[in-house]
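Asker:
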Amino acid sequence: MKTLTFKNGQTIPALGLGTWKLKGDECVRAVSAALEIGYTHIDTADAYDNHHEVGKAIKASGIPRDALFVTSKIWPDEQQKSAVIPACERILSELGLEYLDLLLMHWPDRSIPFADTLGEMEKLRAQGLIRSNGVSNFTVHHLQDALETGKEFVANQVEFHPTLNQKELKAFCDEHQILMTAYSPLARGKDLDLPAIIELAEKYEKTPAQIIINWVLAKGMAAIPKSATPRRIKENWEAQNFELSEEDVAKIDAIGGANRVVDGTV
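Under the working numbering, the first residue of the sequence shown is numbered 584, with each subsequent residue one higher.
Dropping the structure here:
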């Protein structure tokens, strides 16, 4: 299992399970299947309304807490200075966990000073309620403003796939040691039929999904593909078991585009 390292020294499994739109028993089954397959990185969010289910699957797995990496996110209405710590405490209660490995600001909100939110996250780290903190859906301009606060954040989780490869954002994050995580790496299935992806799938005798996930990992990023199907969860996991050549990574890089599939609603 490939791991990546934040600039604060904490490690994160490069491949995780996204849980957006997973609810109820379906969520419990998906997370349980992932943990049984070998995943240790589970991504959720307050807005997904599935903390209880994720926590139930984690508890049932019997996997030691320190062997897992759990991420959650706070929505803008929880990013006010007075709301950050209570929101995190509630999230932990719902998950049945003592700490989060990573807490993210789910979307930027210019009406709330980034220094306020990041400052409260700093307190959460000091209290041991989170190990690291970061942001999500931040553009270069948002990141520049966040960096100017002088407060620590180590990650930026964004939509990233072959038809939205965010070159400028990736270069900026690399320059400032902000680790990027790709959500919707398959563009909700829309990138699976791209000719270049199909060609590489045939060449490597892998599925199109495995080619795309491997490409994300080859770029030094984490990936959190979402699936409710144990077969696909396993297929995604096995995307780590081969290596694209530099030439083939470049072929996927060359696809490019600005095909966003996420509009900010949950």
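Using N, Cα and C, we set each Cβ at its ideal position, and we do this for glycine too. Quantities reported herein were computed from a predicted structural model and do not represent experimental measurements.
Any idea what DSSP makes of Thr602, helix, strand or coil?
Answerer: The answer is coil: DSSP assigns Thr602 none of H, G, I, E or B.
Asker: Whole alpha helix (DSSP H) runs in the segment 678 to 738 with 4 or more residues, listed along the chain?
Answerer: Complete alpha helix (DSSP H) runs here, min 4: 697 to 709 and 723 to 731.
Asker: For Asp774, I'd like the list of residues in its chain whose CB is within less than 7 Å of its CB, leaving aside the five on either flank, ordered along the chain.
Answerer: His744, Pro745, Thr746, Ile780 and Ile795, listed in sequence order.
Asker: Would you identify the three-state DSSP class for Tyr766, choosing helix, strand or coil?
Answerer: Residue state, collapsed to three classes: strand.
Asker: Roughly how many angstroms separate the alpha carbons of Cys610 and Asp660, rounded to a whole number?
Answerer: Between Cys610 and Asp660, the C-alpha separation is close to 25 Å.
Asker: Skipping 5 residues on each side, what residues in its chain have a beta carbon closer than 8 Å to that of Lys604?
Answerer: Cβ within range, chain order: Tyr631 and Lys809.
Asker: Using only CA atoms, which one of Pro647, Ala837, Gly592 and Leu600 lies nearest to Ile807?
Answerer: That would be Leu600, whose Cα lies nearest to the Cα of Ile807.
Asker: Quick one: what does DSSP say Glu784 is sitting in, helix, strand or coil?
Answerer: According to the sequence provided, residue 784 is Ala. The question's Glu does not apply to it. Residue state, collapsed to three classes: helix.
Asker: Extract the residue ranges of the beta strand (DSSP E) inside the segment 649 to 680, only unbroken runs of 3 or more that lie entirely within it.
Answerer: 652 to 657, all fully within the segment 649 to 680.
Asker: If distances are taken between C-alpha atoms only, which option among Ala738, Ala670 and Phe721 comes closest to Gly592?
Answerer: It is Ala738.
Asker: Could you give the C-beta distance for Lys656 and Gln823, rounded to a whole number, given that I count them as a contact under 8 Å?
Answerer: Not really, about 24 Å apart at Cβ, beyond 8 Å.
Asker: Taking DSSP's pairing of strands, which residues face Val741 in a bridge?
Answerer: Answer is Ala765, bridged to Val741.
Asker: Per the DSSP calculation, Pro647 is bridged to which residue(s)?
Answerer: Looking at the DSSP assignment, Pro647 forms no beta bridge with any residue, so it has no partner.
Asker: Relative to the alpha-carbon of Gln662, which residue among Cys756, Gly717, Gly733 and Val723 has its alpha-carbon at the smallest distance?
Answerer: The option with the nearest alpha carbon to Gln662 is Gly717.
Asker: Where does Lys809 fall in DSSP's three states?
Answerer: Strand.
Asker: Mind checking who Leu747 pairs with in its DSSP beta bridge?
Answerer: Its beta-bridge partners are His744.
Asker: Phe736 and Leu701: beta carbons closer than 8 Å?
Answerer: Contact flag set, yes.
Asker: Give the straight-line distance between the Cα atoms of Glu818 and Asn797, rounded to the nearest whole angstrom.
Answerer: C-alpha separation (whole angstroms): 12 Å.
Asker: Per DSSP, what kind of secondary structure is Glu830 in: helix, strand or coil?
Answerer: In this structure, Glu830 counts as helix in the three-state DSSP scheme.
Asker: With Leu587 and Ala805 assumed to form a contact (beta carbons below 8 Å), what rounded beta-carbon distance in angstroms separates them?
Answerer: Yes, they are in contact, since the Cβ atoms of Leu587 and Ala805 sit about 6 Å apart, within 8 Å.
Asker: Please work out which residues of its chain come closer than 8 Å, Cβ to Cβ, to Gly621, disregarding the five sequence neighbours upstream and downstream, and give them in chain order.
Answerer: Correct list, in chain order: Met584 and Trp820.
Asker: Thinking C-beta only, is Glu677 closer than 8 Å to Gly638?
Answerer: Yes, Cβ-Cβ distance for Gly638 and Glu677 is below 8 Å.
Asker: What residue does the beta strand (DSSP E) around Leu587 start on, and which one ends it?
Answerer: Leu587 -> beta strand (DSSP E) spans Thr586 to Thr588.
Asker: Nearest to Ala792 by alpha carbon, out of Asp776, Ala801, Lys786 and Lys802?
Answerer: For Ala792, the nearest C-alpha among the options comes from Asp776.
Asker: Could you tell me which residues DSSP puts in a beta bridge with His624?
Answerer: DSSP lists Phe652 as partners of His624.
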